[in-house]
Amino acid sequence: MKKLPMLAFLVVLASVASAAWGDSAPTAPILIGADKISAGDTAWMLTSTALVLMMSIPGLALFYGGMVRKKNVLATLMQTFAIVCIVTILWWLVGYSWAFTPGSKFLGGFSRALFGGMTFMHDPVNQLSVSHLALTIPETVYAMFQLTFAIITPALIAGAFADRMKFSAMLVFMGAWSLLVYAPIAHMVWEPSGWLNAAGILDYAGGTVVHINAGMAGLASCIVLGKRLGYPRERMPPHNLTLTLIGASLLWVGWFGFNAGSAGAADGRAGMAMLVTQMATAAAALSWMFAEWAAKGKPSVLGIASGAVAGLVAITPASGFVGPTPAVVIGLAAGVICFAAATSLKHLLGYDDSLDAFGVHGIGGMIGALLTGVFFSKEISGVDNTVMKQFLIQLQGVAVTVIYGFVASFILLKIIDMTIGLRVTEEQEREGLDISLHGESIE
Amino acid sequence: MKLITAIIKPFKLDEVRAAVSDVGVHGLTVTEVRGFGRQRGHTEIYRGAEYVVEFVPKTKIEIAVDDGLVDLVIEAIIRSAKTGKVGDGKIFVFDLEQVVRIRTGERDSSAI
């Protein structure tokens with residue numbers, strides 16, 4: 001008899017829970033019982049998080065570090081490393097909250113500022129918070145996973161302004177950019193209250209949020225900063241392509257966490273995302289290599305590595321929505337088009353995108369985001385739109401990111417330039433940033 | 001005494017060393033150098049940016065010899081360093097005033 005009220009309570013609780021789960025999915029982070037967490041999903045997402053951080057350090061740092069001149073190697077590595085640290089602190093401060101909690105159509109709220117409310121309580125309560133965007137893994141893991149995306153995105157921009165930005169200006173720009181450009185775009189595209197998300201945009205792992213966004217910021221950077229001293233007259237060959245190839249390889253491996261991890265689960269979709277990532281990357285590496293071989297006479301190490309990165313970029317938005325054959329097509333297109341962008345478009349238009357952040361990430365991101373609207377599979381994505389309708393939604397998302405990413409970055413850079421100054425002195429640039437900014441060298 | 005200086009292709013160094021040893025040379029000095037001649041440079045292309053590398057890596061060897069050995073050494077270098085293509089290098093011969101072995105203070109021929 002004594003057990004009856006308890007039983008009734010449990011029945012009520014269960015019906016409330018089933019209402020929460022079945023009829024209306026949660027629209028904000030919630031507390032749930034620890035037994036609702038999937039060990040498999042959590043294990044994979046912990047792994048993915050580590051893989052994506054590895055993409056930035058040391059992956060991207062080496063990829064870029066090998067491409068600059070010897071006098072700027074440490075400064076380039078330092079940029080990536082410092083971005084990892086500063087974005088982490090900002091993510092805790094308010095970045096995560098602005099990106100991934102419900103709020104307006106354009107920006108999330110403050111409910112997770114300082115990671116408030118993100119919790120785990122062990123026995124006997126045995127509850128923890130989960131994000132409404134990933135209900136089977138702890139919110140701590142979700143926030144960490146998304147943090148690694150928030151880190152690599154500004155780090156990509158550094159390729160455009162390599163060799164000439166003040167370190168102090170870089171810190172301010174990256175911090176401001178992370179909160180004022182990355183967080184809003186991530187919210188608009190990925191959080192259900194964001195308007196592009198509501199419009200039905202397909203961006204599995206960040207074609208718009210990460211790559212177009214970073215590419216446009218890169219383009220704005222190299223326009224505001226101007227060309228490197230001596231460009232294009234002086235020789236500026238990469239000082240160590242071995243580092244670049246190691247970096248590209250780490251990016252490739254890490255990208256399995258980026259794309260397959262964006263499933264938020266260890267499931268069939270994650271498997272498909274991993275497979276198509278491999279297909280597109282190989283196809284793009286080959287298509288850049290062959291395009292270069294035909295146009296310039298030799299298949300280069302930098303070429304095949306750049307092609308692989310272009311393929312990884314282009315498959316990013318498509319990876320949870322397409323099958324392997326479209327992935328090969330996306331890869332082939334990305335390799336050839338990004339090759340043309342990095343080798344011809346840049347020289348034609350005359351901007352100095354030092355390491356082709358725009359040519360590879362901006363252009364590759366656009367190719368991927370648009371082709372996602374052409375090649376998405378109904379079976380894999382569960383999306384039932386016509387190709388024309390979806391393509392227009394994709395086009396809208398691309399246009400918004402291109403415009404917002406460029407304009408907001410441009411304004412931020414101009415403000416920094418007018419206040420603390422953006423560019424190193426001519427003397428510092430000649431001497432090299434390693435010695436002039438950091439007092440160190442690799443000699 | 002003469003000082004024979006030869007600029008050769010770097011990968012020919014071992015063959016040249018063996019050839020001059022065979023004709024009686026007991027020591028030589030090697031330096032990695034860069035320069036240009038008729039071979040000119042080569043072009044490197046990085047993402048479409050072309051750079052002409054005007055100075056080609058070469059190896060410089062220096063050998064001090066008695067007058068009687070000069071022609072033999074020159075022939076040995078030619079025999080071993082020649083590929084027949086542009087860029088095989090050059091040999092320069094200078095008069096040598098003095099040679100001193102630091103350890104013993106010996107001079108000239110006995111110091112070579």
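Protein chains in written order, with this note's numbering: chain A, 1 to 443; chain B, 1 to 112. We put the beta carbon where it would ideally sit given N, CA and C, even for glycine.
Return the chain-ordered list of same chain residues with a C-beta closer than 6 Å to the C-beta of residue i, the five sequence neighbours on each side being excluded.
i	result
Ala342 (chain A)	Asp356 and Gly359
Trp98 (chain A)	Leu107, Gly108 and Ala183
Phe375 (chain A)	Val322 and Pro326
Gly303 (chain A)	Trp288, Met289 and Glu292
Ile7 (chain B)	Lys58, Lys60, Gly89 and Lys90
Ile112 (chain B)	Ala64 and Val99
Ala155 (chain A)	Ser56, Leu60, Thr80 and Ile83
Val73 (chain A)	Gly65 and Ile442
Phe120 (chain A)	Leu128
Thr104 (chain B)	none
Phe115 (chain A)	Trp92
Pro102 (chain A)	Thr27, Ala28 and Ser193
Phe444 (chain A)	No answer is possible for residue 444 (chain A): the residues shown for chain A start at 1 and end at 443.
Ile151 (chain A)	Ser56, Val84 and Val87
Ser381 (chain A)	Phe321
Could you tell me how far apart the beta carbons of residue i and residue j are, in whole angstroms, since I believe they sit closer than 8 Å?
i	j	result
Lys9 (chain B)	Asp67 (chain B)	Lys9 (chain B) to Asp67 (chain B), Cβ: 28 Å. No contact.
Val65 (chain B)	Val25 (chain B)	7 Å
Gly59 (chain A)	Gly247 (chain A)	5 Å
Ile32 (chain A)	Leu128 (chain A)	7 Å
Met67 (chain A)	Pro317 (chain A)	Between Pro317 (chain A) and Met67 (chain A) the Cβ distance is about 25 Å, and since that is not below 8 Å, they are no contact.
Ala113 (chain A)	Val130 (chain A)	Ala113 (chain A) to Val130 (chain A), Cβ: 18 Å. No contact.
Phe145 (chain A)	Met45 (chain A)	6 Å
Trp42 (chain A)	Val141 (chain A)	Here the sequence assigns Thr to residue 42 (chain A), which means Trp is not the residue at that position. Going by Cβ atoms, the distance from Thr42 (chain A) to Val141 (chain A) rounds to 6 Å, so yes, they are a contact pair.
Expressed to the nearest angstrom, what Euclidean distance is found between the alpha-carbon atoms of residue i and residue j?
i	j	result
Ala263 (chain A)	Arg269 (chain A)	6 Å
Trp92 (chain A)	Leu51 (chain A)	20 Å
Gln278 (chain A)	Ser24 (chain A)	36 Å
Gln396 (chain A)	Leu371 (chain A)	13 Å
Val209 (chain A)	Ala283 (chain A)	24 Å
His42 (chain B)	Ala49 (chain B)	14 Å
Phe321 (chain A)	Leu250 (chain A)	24 Å
Ala198 (chain A)	Ile435 (chain A)	49 Å
Leu225 (chain A)	Met165 (chain A)	8 Å
Pro449 (chain A)	Leu62 (chain A)	Chain A is shown only over 1 to 443; residue 449 (chain A) falls outside these bounds and no answer can be derived.
Leu72 (chain B)	Ile4 (chain B)	11 Å
Gly206 (chain A)	Val402 (chain A)	14 Å
Pro80 (chain B)	Ser21 (chain B)	At residue 80 (chain B) the sequence reads Ser, which differs from the Pro that was named. Rounded to the nearest angstrom, the two C-alpha atoms are 12 Å apart.
Glu75 (chain B)	Phe92 (chain B)	13 Å
Lys3 (chain A)	Ala34 (chain A)	With a pLDDT of only 44 at Lys3 (chain A), under the threshold of 50, the placement of this residue in the model should not be trusted; the figure read from the coordinates follows. Distance between the alpha carbons of Lys3 (chain A) and Ala34 (chain A): 24 Å.
Ile420 (chain A)	Ala169 (chain A)	7 Å
Thr281 (chain A)	Ala308 (chain A)	5 Å
Val398 (chain A)	Lys414 (chain A)	24 Å
Glu234 (chain A)	His347 (chain A)	15 Å
Val328 (chain A)	Lys298 (chain A)	23 Å
Asp417 (chain A)	Arg423 (chain A)	8 Å
Ala19 (chain B)	Glu97 (chain B)	26 Å
Ile89 (chain A)	Ala285 (chain A)	36 Å
Count the other CB atoms, across all protein chains shown, that sit within 10 Å of the CB of residue i; report buried if there are 16 or more and exposed otherwise.
i	result
Met390 (chain A)	The sequence given here has Gln at residue 390 (chain A), not Met. It counts as buried.
Pro324 (chain A)	exposed
Leu330 (chain A)	Per the sequence shown, residue 330 (chain A) should be read as Ile rather than Leu. With 16 or more other Cβ atoms within 10 Å, it is buried.
Phe258 (chain A)	buried
Pro29 (chain A)	buried
Cys85 (chain A)	exposed
Val52 (chain B)	exposed
Arg69 (chain A)	buried
His187 (chain A)	buried
Leu196 (chain A)	buried
Ile185 (chain A)	buried
Phe173 (chain A)	buried
Phe11 (chain B)	exposed
Report all residues from its chain with a CB closer than 7 Å to the CB of residue i; omit the five preceding and five following residues, and keep chain order.
i	result
Ile337 (chain A)	Ile363 and Ile367
Leu275 (chain A)	Pro324
Val16 (chain B)	Ile8, Ile61, Ile77, Ser80 and Ala81
Beta-carbon within less than 8 Å of residue i's beta-carbon, same chain only, minus the 5 sequence neighbours each way: which residues are those?
i	result
Val181 (chain A)	Asn213, Ala217, Tyr404, Gly405, Ala408, Ser409 and Leu412
Glu440 (chain A)	Leu74 and Asp434
Ala340 (chain A)	Ala291
Gln39 (chain B)	Val56, Val86 and Gly87
Lys71 (chain A)	Glu431, Gly432, Leu433, Asp434, Ile435 and Ser441
Ser104 (chain A)	Ser193
Tyr204 (chain A)	Asn259, Ser262, Ala273, Thr316, Pro317, Ala318, Ser319, Gly320, Phe321 and Thr372
Item to check | Any 3 or more C-beta pairs closer than 8 Å across the region 254-264 of chain A and the region 52-66 of chain A | outcome: yes
Item to check | Stretch-stretch touch, CB-based, cutoff 8 Å, three pairs: the region 159-177 of chain A with the region 134-142 of chain A | outcome: no
Checklist entry - Does the pairing of the region 148-163 of chain A with the region 347-356 of chain A give three or more beta-carbon distances under 8 Å? => result yes
Checklist entry - Are three or more beta carbon pairs between the region 418-436 of chain A and the region 221-232 of chain A nearer than 8 Å? => result yes
Checklist entry - With contact counted as at least three CB pairs below 8 Å, one residue from each stretch, are the region 31-47 of chain B and the region 58-76 of chain B in contact? => result yes
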